[in-house]
Amino acid sequence: MNKLAFGQNPKMILLLLFAGNLFSALDRFVINYGIVHISDDLQLSASSTGLILSIFFLGYAIMQIPGGWMADRFGARIVLIVSVFSFTIFTSLTGLAWSFVSLLVIRFMFGLGEGSFFPAGAKMIAVSIVEEKRSRAMSLFLSALTVAGVISPILAATLLVSIGWRMMFGIIGIFGFTIGLLYLFFLKPRVGSQGPREVDSLTEVPVKGSFIKLFKTPLVLSLMVASFAYGFIS
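Laid out in structure tokens, this is it:
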């Protein structure tokens, strides 16, 4: 029998992961609609605007592999909580940016904060959902991104017109902070669990790994290339 590190209702865990992924996507999508207003206020050039939009992904990419390692080393729960509060803080700070440089730094730090959320979420699914239901759980987790893609233009257009881009980021940050509190109070390990030593549900031994071994694995390399190609087109 699979040994799982989290004993709550799997539906509650999935609901929390879906909500977190939804708001993480909203946080990074809405700037695409607010960038015109931001550019006007901060008097940004076209090249500066492009750098503002892309610098997030640099920080996000940098944290992907370390985020997965931290989820294995310290536990998915703590990484998820830290990530949610981190990107929430920098989402809110986006609304306080006063110059190109300040906005550039904030968006880069935002990417670093959010970069570990997805690998930690995948880890949480692995340790809390039984194997035969894991693919469906991951599908639901990923579907939050497309839902955010539908919501964000409607939300951004409404908020930009009614309250402006600065308040828009503040309000979204408040919702993200609420998600972080839900994670803190409701995403708890099973009673008696050792916390950071989450158990791999397939091997039933503490998870260990090596970056070097991962990069030497053909399947991992193939998935990296496929993911790059998909992300580039997307």
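Residue numbers (the working numbering): 3 to 236.
Virtual Cβ for every residue (Gly too), placed ideally from N, Cα, C.
Residue i and residue j: beta carbons closer than 7 angstroms?
i: G182; j: V32; result: no
i: F177; j: F25; result: yes
i: W167; j: G52; result: no
i: F72; j: G117; result: Note that residue 72 is Met in the sequence shown here, rather than Phe. In this structure, G117 does not lie closer than 7 angstroms to M72 by Cβ.
i: A128; j: F20; result: no
i: A240; j: A231; result: Shown here, the chain extends from 3 to 236; a query on residue 240 therefore has no answer.
i: V81; j: A124; result: no
i: G113; j: S88; result: no
i: S130; j: I235; result: no
What's the gap between the Cα of residue i and the Cα of residue j?
i: D43; j: L105; result: 12 angstroms
i: G175; j: I108; result: 13 angstroms
i: R136; j: L144; result: 12 angstroms
i: L189; j: F217; result: 32 angstroms
i: I54; j: S101; result: 11 angstroms
i: M126; j: S94; result: 26 angstroms
i: S50; j: V227; result: 29 angstroms
i: G22; j: T90; result: 11 angstroms
i: F59; j: V103; result: 17 angstroms
i: G233; j: L225; result: 12 angstroms
i: T219; j: G77; result: 24 angstroms
i: V38; j: E133; result: 46 angstroms
i: S56; j: T96; result: 15 angstroms
i: A48; j: L142; result: 37 angstroms
i: S2; j: L98; result: This structure gives no information on residue 2, because the portion of the chain shown stretches from 3 to 236.
i: L46; j: P155; result: 22 angstroms
i: L204; j: R79; result: Here L204 scores only 36 on pLDDT, less than 50, and its place in the model should not be relied on; the value that follows carries that caveat. C-alpha separation (whole angstroms): 19 angstroms.
i: L223; j: T148; result: 26 angstroms
i: V209; j: L162; result: Confidence is the limiting factor: at V209 the pLDDT is only 46, short of 50, which leaves the residue's position unreliable, though a coordinate-based value still follows. Roughly 45 angstroms separates the two Cα atoms.
i: F92; j: D74; result: 25 angstroms
i: S41; j: T160; result: 19 angstroms
Going by C-alpha distance, which of the options is nearest residue i?
i: R30; options: L184, A228, M170; result: M170
i: I214; options: I67, M14, R136; result: I67
i: Y62; options: F110, S101, S88; result: F110
i: F179; options: I83, S49, L144; result: I83
i: L17; options: M140, G70, S41, A231; result: M140
i: K13; options: R138, A158, I173, R75; result: R138
I want to check one thing, is the minimum distance from the CB of residue i to the heavy atoms of the ligand NAD below 6 angstroms?
i: M140; result: Inclusion of the ligand NAD in the displayed structure is not the case, the ligand content being empty and no account of it being possible.
4-residue-minimum alpha helix (DSSP H) runs that sit fully inside the segment 30-62, ordered along the chain: Runs found: 33-44.
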